[in-house]
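Residue numbers (this note's numbering), protein chains in the order written: chain L, 2 to 261; chain F, 125 to 436.
A virtual CB, placed ideally from N, CA and C, is assigned to each residue, including glycine.
This one's a predicted model, so the numbers in the text were calculated from it and none came from an experiment.
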Amino acid sequence: MTQLIVNDVSVSFPLYHAESRSLKKTVLAAASGRLGEDSRHRLTVEALRGVSFTLNTGDRLGFIGSNGAGKTTLLRTMAGIYEPVGGSITIEGAVTALLDPGQGMNPDLTGNENIRLRALFNGYSEARIRELQEDVAAFAGLDQFLALPVRTYSSGMVVRLGFAMATAIRAQILLMDEWLLAGDASFLDKARQRLETMVRGAEILVLSSHRPDILLQWCNRLIWLDGGTVKADGTPEEVLAAYLPADQFTHAMETAGKTA
Amino acid sequence: MVDAAPPFRYRQPMHMIAPGQDTAGPGSPPPDAPPAKRLVIAASHSWRERLRLALADIADTARLWPLVWTLSLFDIRLRYRGSLLGPLWLTLSTAIMVGAIGVLYARLFHQDVGDYLPFLTISLVLWTFISTVASDATTCFTQADAMIRSMRMPHSVHAARVVMRNMLVLGHNVVVIAVVFALFGTRPGLDSFTLLPGFLLWLADGFAASLLLGLFGARFRDIPPIIASIMQIAFYVTPIMWNPAMLAHRGLAKAFVELNPFYALLEIIRGPLLGQPLNPGAWHLAVIYSLGLFLVTGLVFTRARPRLPYWL
Numbered sequence: 002m003t004q005l006i007v008n009d010v011s012v013s014f015p016l017y018h019a020e021s022r023s024l025k026k027t028v029l030a031a032a033s034g035r036l037g038e039d040s041r042h043r044l045t046v047e048a049l050r051g052v053s054f055t056l057n058t059g060d061r062l063g064f065i066g067s068n069g070a071g072k073t074t075l076l077r078t079m080a081g082i083y084e085p086v087g088g089s090i091t092i093e094g095a096v097t098a099l100l101d102p103g104q105g106m107n108p109d110l111t112g113n114e115n116i117r118l119r120a121l122f123n124g125y126s127e128a129r130i131r132e133l134q135e136d137v138a139a140f141a142g143l144d145q146f147l148a149l150p151v152r153t154y155s156s157g158m159v160v161r162l163g164f165a166m167a168t169a170i171r172a173q174i175l176l177m178d179e180w181l182l183a184g185d186a187s188f189l190d191k192a193r194q195r196l197e198t199m200v201r202g203a204e205i206l207v208l209s210s211h212r213p214d215i216l217l218q219w220c221n222r223l224i225w226l227d228g229g230t231v232k233a234d235g236t237p238e239e240v241l242a243a244y245l246p247a248d249q250f251t252h253a254m255e256t257a258g259k260t261a
Numbered sequence: 125m126v127d128a129a130p131p132f133r134y135r136q137p138m139h140m141i142a143p144g145q146d147t148a149g150p151g152s153p154p155p156d157a158p159p160a161k162r163l164v165i166a167a168s169h170s171w172r173e174r175l176r177l178a179l180a181d182i183a184d185t186a187r188l189w190p191l192v193w194t195l196s197l198f199d200i201r202l203r204y205r206g207s208l209l210g211p212l213w214l215t216l217s218t219a220i221m222v223g224a225i226g227v228l229y230a231r232l233f234h235q236d237v238g239d240y241l242p243f244l245t246i247s248l249v250l251w252t253f254i255s256t257v258a259s260d261a262t263t264c265f266t267q268a269d270a271m272i273r274s275m276r277m278p279h280s281v282h283a284a285r286v287v288m289r290n291m292l293v294l295g296h297n298v299v300v301i302a303v304v305f306a307l308f309g310t311r312p313g314l315d316s317f318t319l320l321p322g323f324l325l326w327l328a329d330g331f332a333a334s335l336l337l338g339l340f341g342a343r344f345r346d347i348p349p350i351i352a353s354i355m356q357i358a359f360y361v362t363p364i365m366w367n368p369a370m371l372a373h374r375g376l377a378k379a380f381v382e383l384n385p386f387y388a389l390l391e392i393i394r395g396p397l398l399g400q401p402l403n404p405g406a407w408h409l410a411v412i413y414s415l416g417l418f419l420v421t422g423l424v425f426t427r428a429r430p431r432l433p434y435w436l
């Protein structure tokens, strides 16, 4: 069974100033016996504080909150990229994280070469790599472009490639940041169809977005993050009613085709 | 973190999910879903726990060797994309350098070209490997920041990539050694079987040094230029262009030779190739320095591994 448990997770970033990051400062501090004090009083930004929730099969969770509320950091922590300084993350199931359009792709390599690297990362055989390349080409509609370096792509094409690649590799837990919405309307429709088939196959989707209508359409649970803590957790309608001003909420409900 | 297999270990059949191809009914589990494995990432300060995670990281890299190989191959291919001769330049530039420097220095040092050129060729090719690994290593994590920040993957992949890439370069340069040996009739000695353990020690050292320098380079951005200047000094101090025998009568060679880790490492490969007898002193030194390197790298990697993504 697919599950994702976030238990009392805290993440803080050390603040390295241009100087304190350098060896000079560390050596000088050590020489003058201030190193210990330095590391105890090191400035940190607390990006997440005591965040807890559990996701089970079929959950489609959305994150909402102002810029800097910790949405992306939380997604990165859930993907296992940032290891928390407090608490724990338990993941059951294969995770795919679509955190930025580049997806860790090397812009100088061609689309096909980047697909090959991703496939090898997932332990694919040569035959499957070719299948994957065909699948991505068909979905992203990039056929002849896949032989060109990724840096020659438009930003929309990079998004399409990243999305197609990440979703063609089977994952039970999909973490997505809002960059996906850079695609055009026809791509968004295609993307949603593809995601729906994935989520229907008993999986977990976590989506971070600023767009209430998208969250209303795609999610069945919403968490409002504020200053690195969970401010509200409930159905999208409940949380958005509290998060948005009344007129915007009504408008979002209309756009999403739901009645309040 | 790794209770069982981490997610990237799955060897699962691919599921085609192009629109309209959906075969799984609503709610039914997909037929090819692998059994869910548990991955626990907990903030832990116990050294035992951290060591387990560090070892798991390295074991995962070993499992991902096709990825490491392809990354290295693409690195070389990218460097020479659009060039007429391509990676042949690796071989050619080494050949040109060896030819030019070899003839000049043979005269400067009053050496016979037939003896000096094979020595210089091996030395330069091996030193290129050492110094390029050292300089690449300092940026191995900072240059892979996009990959590190976009998905969970073992960090040691990037260290292994540095070693593998430079092995490929070394492979191109071996051609020059072979040609020089054929021209001057140099024969490897009877102790050539020690090349294999020597080579394995080089690989392990290169990997450990890449991890260590990569971590320091990610945390302290002054490390790359510091390492670059240290390696430059090491080049002149170590018997690479000169043979310790040449300076023995001046009493200079000993100090540079007896404590110099680079000399020991070079000697365990260079000696047997040039047909010299086994050098137990060099082997002792090489093994002791390597064990020291492994210990320091183990401590630093175990301690710093979870923090690395925060430094990029």
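Contacting residues, own chain, Cβ-Cβ under 8 Å from residue 304 of chain F (five flanking each side not counted): Taking the first residue of the second sequence as 1, we reach residue 304 of chain F at position 180. So the list reads 222, 241, 242, 245, 310, once near-sequence residues are dropped.
Among L:255, L:256, L:127, L:94, nearest to residue 1 of chain L - alpha-carbon criterion: Examination of residue 1 of chain L is not possible in this model, given that chain L is present from 2 through 261 alone.
C-alpha distance - residue 240 of chain L paired with residue 205 of chain L, whole-angstrom precision: Locating residue 240 of chain L in the first sequence gives position 239, where the first residue counts as 1. Locating residue 205 of chain L in the first sequence gives position 204, where the first residue counts as 1. Their Cα atoms are separated by approximately 20 Å.
Given residue 168 of chain L as reference, the closest of L:221, L:198, L:128, L:236 once Cα atoms are compared: As a first step, residue 168 of chain L is located in the first sequence; it is residue number 167 there, counting from the start. Nearest option by C-alpha distance: L:198.
Backbone secondary structure at residue 4 of chain L - three-state DSSP: The sequence position of residue 4 of chain L within the first sequence is 3, counting from 1. DSSP, read as helix, strand or coil, puts residue 4 of chain L in strand.
Proximity winner among F:435, F:325, F:370, relative to residue 393 of chain F (alpha-carbon distances): Within the second sequence, numbered from 1, the residue matching residue 393 of chain F stands at position 269. Checked all of F:435, F:325, F:370; the closest Cα to residue 393 of chain F is F:325.
Residue 279 of chain F, buried or exposed, once every other Cβ within 10 Å from all chains shown has been counted against 16: The residue labelled residue 279 of chain F in the question sits at position 155 within the second sequence. Per the 10 Å Cβ criterion, buried.
Beta strand (DSSP E) runs wholly inside the segment 156-235 of chain L, at least 3 long, in chain order: The segment 156-235 of chain L contains these whole beta strand (DSSP E) runs: 174-177, 205-209, 222-227, 230-235.
Chain F within 8 Å of residue 146 of chain L, Cβ atoms only: Numbered from 1 along the first sequence, position 145 holds the residue referred to as residue 146 of chain L. No, no contact with chain F.
Neighbour flag for residue 294 of chain F against chain L, beta carbons, 8 Å: Against the second sequence, residue 294 of chain F aligns to sequence position 170. It does not: the Cβ of residue 294 of chain F has no partner Cβ on chain L nearer than 8 Å.
Contact with chain L by residue 125 of chain F, beta-carbon distance below 8 Å: As a first step, residue 125 of chain F must be located in the second sequence, where it is residue number 1. Its pLDDT being 38, under 50, residue 125 of chain F is placed unreliably in this model, and the value from its coordinates should be taken loosely. Chain L, which has a Cβ nearer than 8 Å to the Cβ of residue 125 of chain F, makes this yes.
Coil, strand or helix - residue 63 of chain L by DSSP: In the first sequence, residue 63 of chain L corresponds to position 62, counting from 1. Strand at residue 63 of chain L.
C-beta neighbour in chain F for residue 104 of chain L, strict 8 Å: Taking the first residue of the first sequence as position 1, residue 104 of chain L is located at position 103. Chain F places a beta carbon closer than 8 Å to that of residue 104 of chain L, counting this residue as a contact.
Residue range of the unbroken alpha helix (DSSP H) whose run includes residue 420 of chain F: As a first step, residue 420 of chain F must be located in the second sequence, where it is residue number 296. Residue 420 of chain F: member of the alpha helix (DSSP H) spanning 404-428, first to last residue.
Cβ of residue 109 of chain L within 8 Å of any chain F Cβ: In the first sequence, counting from the first residue as 1, residue 109 of chain L sits at position 108. Chain F places a beta carbon closer than 8 Å to that of residue 109 of chain L, counting this residue as a contact.
Any chain F beta carbon closer than 8 Å to residue 88 of chain L: Here residue 88 of chain L refers to the residue found at position 87 when the first sequence is read from its first residue. For residue 88 of chain L, at least one C-beta of chain F is nearer than 8 Å to its own C-beta.
Residue environment, residue 184 of chain F, which counts as buried when at least 16 other CB atoms sit within 10 Å: The residue labelled residue 184 of chain F in the question sits at position 60 within the second sequence. Answer is buried; the Cβ neighbour count reaches 16.
Residue environment, residue 46 of chain L, which counts as buried when at least 16 other CB atoms sit within 10 Å: Within the first sequence, residue 46 of chain L is the residue found at index 45, counting from 1. So residue 46 of chain L ends up on the exposed side.
Cβ contact check for the segment 257-271 of chain F and the segment 325-336 of chain F: 3 or more pairs under 8 Å: Segments in contact, yes.
Neighbour-count burial assignment, residue 258 of chain F, 16 or more Cβ in a 10 Å radius: In the second sequence, residue 258 of chain F corresponds to position 134, counting from 1. Buried.
Nearest-angstrom beta carbon gap, residue 166 of chain L and residue 217 of chain L [assumed within contact, 8 Å]: Taking the first sequence and counting its residues from 1, one reaches residue 217 of chain L at position 216. Taking the first sequence and counting its residues from 1, one reaches residue 166 of chain L at position 165. For a cut-off of 8 Å, the C-beta gap from residue 217 of chain L to residue 166 of chain L is around 28 Å, too long to register as a contact.
For residue 206 of chain F, the three-state DSSP class (helix, strand or coil): Here residue 206 of chain F refers to the residue found at position 82 when the second sequence is read from its first residue. The three-state secondary structure of residue 206 of chain F, taken from DSSP, is coil.
Contacts around residue 119 of chain L, its chain only, beta-carbon distance under 6 Å, and the 5 residues preceding and following it disregarded: The residue labelled residue 119 of chain L in the question sits at position 118 within the first sequence. Excluding positions up to five away in sequence, the list reads 166.
Which of helix, strand or coil DSSP assigns to residue 118 of chain L: Your numbering for residue 118 of chain L matches position 117 in the first sequence. DSSP places residue 118 of chain L in helix when its eight states are reduced to three.
Buried/exposed call for residue 360 of chain F, threshold 16 Cβ in 10 Å: Along the second sequence, one-based indexing puts residue 360 of chain F at 236. Using a 10 angstroms sphere on the CB of residue 360 of chain F, the tally of other CB atoms stays under 16, which defines it as exposed.
Span separating the alpha-carbon of residue 157 of chain L from that of residue 226 of chain F: On the first sequence, residue 157 of chain L is found 156 positions in, with the first residue counted as 1. On the second sequence, residue 226 of chain F is found 102 positions in, with the first residue counted as 1. Cα to Cα, the separation comes out at about 55 Å.
Interface positions of the segment 342-355 of chain F facing chain L (Cβ-Cβ less than 9 Å), listed along the chain: Those would be 343, 344, 345, 346, 347, 350, in chain order.
Three-state secondary structure assigned by DSSP to residue 136 of chain L: Counted from its first residue, the first sequence places residue 136 of chain L at position 135. In this structure, residue 136 of chain L counts as helix in the three-state DSSP scheme.
Alpha carbon of residue 409 of chain F to alpha carbon of residue 230 of chain F, nearest angstrom: Within the second sequence, numbered from 1, the residue matching residue 409 of chain F stands at position 285. Within the second sequence, numbered from 1, the residue matching residue 230 of chain F stands at position 106. Straight through space, the alpha carbons of residue 230 of chain F and residue 409 of chain F are spaced by roughly 29 Å.
Residue 396 of chain F and residue 313 of chain F closer than 8 Å at C-beta: Numbered from 1 along the second sequence, position 272 holds the residue referred to as residue 396 of chain F. Numbered from 1 along the second sequence, position 189 holds the residue referred to as residue 313 of chain F. Cβ atoms of residue 396 of chain F and residue 313 of chain F: closer than 8 Å.
Expected contact under 8 Å - CB spacing of residue 196 of chain F and residue 292 of chain F to nearest Å: For the purposes of this step, residue 196 of chain F is taken as the residue at position 72 of the second sequence. For the purposes of this step, residue 292 of chain F is taken as the residue at position 168 of the second sequence. Indeed they touch by this definition, with Cβ atoms about 6 Å apart.
Inter-stretch contact at 8 Å, needing at least 3 Cβ pairs: the segment 133-147 of chain L / the segment 108-118 of chain L: Yes: the two stretches touch, three or more of their Cβ pairs being nearer than 8 Å.
Coarse secondary structure for residue 220 of chain F, derived from DSSP in three states: Numbered from 1 along the second sequence, position 96 holds the residue referred to as residue 220 of chain F. In this structure, DSSP gives residue 220 of chain F a helical state, which the three-state scheme calls helix.
Distance, residue 290 of chain F Cα to residue 212 of chain F Cα: Working through the second sequence from its first residue, we reach residue 212 of chain F at position 88. Working through the second sequence from its first residue, we reach residue 290 of chain F at position 166. Straight-line Cα distance between these residues: approximately 15 Å.
Range covered by the alpha helix (DSSP H) that runs through residue 163 of chain F: Indexing the second sequence from 1 puts residue 163 of chain F at position 39. That residue, residue 163 of chain F, is in no alpha helix (DSSP H); its beta strand (DSSP E) goes 162-166.
8 Å Cβ cutoff, residue 121 of chain L in contact with chain F: What you label residue 121 of chain L is simply residue 120 of the first sequence in a count that begins at 1. Yes, contact with chain F.
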